[in-house]
Every structure is written in structure tokens, then in C-alpha cells.
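With the UniProt record's numbering, the residue at position 73 of the sequence shown is 73, and numbering never jumps.
C-beta atoms are modelled at their ideal positions from N, C-alpha and C, and glycine is treated no differently.
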Amino acid sequence: CPIGVQINTERANAALLSWFPAQDSRKNPPSGYIIERQEVGSQEWLQCLTTDSATSVEILGDSVPCEADYRFRICSVNKYGRSGNVEFPRAVHLVPVARIQAPLQDALVPEGQDACFTIELSASVIGTWFLNGNQLQDDERFSIRRSRTHQSLRIRGVRDTDNGAEITFIAYGIRDSAALYIQ
Numbered sequence: 001c002p003i004g005v006q007i008n009t010e011r012a013n014a015a016l017l018s019w020f021p022a023q024d025s026r027k028n029p030p031s032g033y034i035i036e037r038q039e040v041g042s043q044e045w046l047q048c049l050t051t052d053s054a055t056s057v058e059i060l061g062d063s064v065p066c067e068a069d070y071r072f073r074i075c076s077v078n079k080y081g082r083s084g085n086v087e088f089p090r091a092v093h094l095v096p097v098a099r100i101q102a103p104l105q106d107a108l109v110p111e112g113q114d115a116c117f118t119i120e121l122s123a124s125v126i127g128t129w130f131l132n133g134n135q136l137q138d139d140e141r142f143s144i145r146r147s148r149t150h151q152s153l154r155i156r157g158v159r160d161t162d163n164g165a166e167i168t169f170i171a172y173g174i175r176d177s178a179a180l181y182i183q
């Protein structure tokens with residue numbers, strides 16, 4: 001098993017993982033290392049990379065499928081098989097770099113009806129909705145939903161005073177706006 005595993009999270013949206021070969025590795029040197037990641041709250045470990053001889057690697061936010069807290073573990077491999085797994089000491093929050101796939105569209109809605117705004121992203125990230133610069137919360141008037149890469153906002157019962165309102169969605173590296181017009 002690798003020893004002295006450490007995780008450095010000083011760089012934004014990245015984790016530097018480092019380790020040392022096991023003490024007895026001169027007799028049976030590792031032919032490589034396997035690093036796996038686990039989303040906190042999940043039971044599943046997924047292989048995220050392998051390396052032949054390096055004793056440190058950097059995991060970037062763009063390498064994960066969705067915004068979450070992740071744990072990492074490592075094992076060494078040699079001609080006899082895999083060692084046991086060693087977990088790195090703490091989790092790190094990583095965010096994939098998302099791009100807009102389908103932008104927000106202006107909406108023309110009759111007074112009293114619901115207005116819906118949706119944005120489709122290339123990655124699953126957590127975002128925030130704003131109405132005229134004020135952050136929105138999910139409540140009786142505003143329904144905020146997120147399903148992987150699809151984000152939506154429903155404004156219930158729009159009023160004449162909402163005419164011309166600016167709706168904005170902001171997430172890590174993303175900002176998009178649209179206007180609400182009342183008929």
C-alpha cells in the first residue's frame with residue numbers, strides 16, 4: 001500500500017494528491033497506482049486515473065461529472081496484483097466547467113399566468129437564480145428545480161409589476177439573463 005497520503009486543496013477547484021511508495025517496494029516495486037473517487041454520500045468508488053511512477057497527481061474540477069464533495073483513495077499495482085486501498089484524509093469540493101447548451105429565453109406571459117425559464121448546461125452544477133438582482137429562494141412564488149444539467153425557474157402568477165424584469169442564472173463560470181414581459 002502507498003503510505004503518507006496527503007491531499008492539498010489550496011488551489012481553487014483542484015486537489016493535489018501525493019503519496020510515497022510502500023517501504024518494501026524495493027523488493028516488489030509497483031508497476032503503477034490506481035486512484036479512485038467517490039462522491040460523498042454514495043457507496044460507489046470509480047476509477048479516475050492511473051499512473052506508472054508519479055507520486056503525486058492533480059485532480060481538476062473539470063474531470064468530475066457533477067458538482068459535489070469527493071473523496072479519493074489509492075492502491076498500488078505490481079506483478080502480484082493490487083494492494084489494499086488507502087483513503088486520502090478529507091473530501092474536496094469540485095465543480096466541472098460547464099458551458100451553456102441552451103440559453104435562457106425571454107418570456108411573454110399573460111398577467112396571472114406562470115412564467116417558466118430554463119437553461120441547459122453541459123455539466124451538472126449548482127446555480128442561483130436572480131430577479132432584478134435579488135437572489136431567489138424556492139418558495140410559494142418561485143419554484144426552482146435542477147435535474148442534472150437542466151435548471152428551471154417557475155414564477156407563479158406573474159403581475160403587471162413584473163413587466164421588464166431581468167431573470168438571471170449564475171453558476172460556476174456561467175451567467176445568463178433573459179427578460180420577462182407581461183401581456
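Where G4 is concerned, the enclosing beta strand (DSSP E) starts and stops at 3-8.
Put simply, of W129, N8, D52, C75 the residue whose alpha carbon is nearest the alpha carbon of P2 is C75. Between L104 and I167, the C-beta spacing is below 8 Å. Inter-residue distance for R90 and A15 is about 11 Å (C-alpha atoms, whole angstroms). Between the segment 165-180 and the segment 111-131 there are three or more inter-stretch CB-CB distances shorter than 8 Å, so the stretches are counted as touching. Around the beta-carbon of N13, 16 or more other beta-carbon atoms lie within 10 Å, marking it buried.
Listed in chain order, the alpha helix (DSSP H) elements of length 4 or more contained wholly in the segment 65-150 amount to none. In this structure, V40 keeps its C-beta atom at 8 Å or more from the C-beta atom of W19. If you ignore the 5 residues before and after Q151, its C-beta comes within less than 6 Å of the C-beta of I119, G127, all in its own chain and listed in chain order. CA-to-CA, the gap between N163 and G173 works out to about 28 Å. Going by C-alpha positions, A68 is about 25 Å away from N134. By the neighbour-count criterion, in which a residue is buried when 16 or more other Cβ atoms sit within 10 angstroms of its Cβ, A107 is buried.
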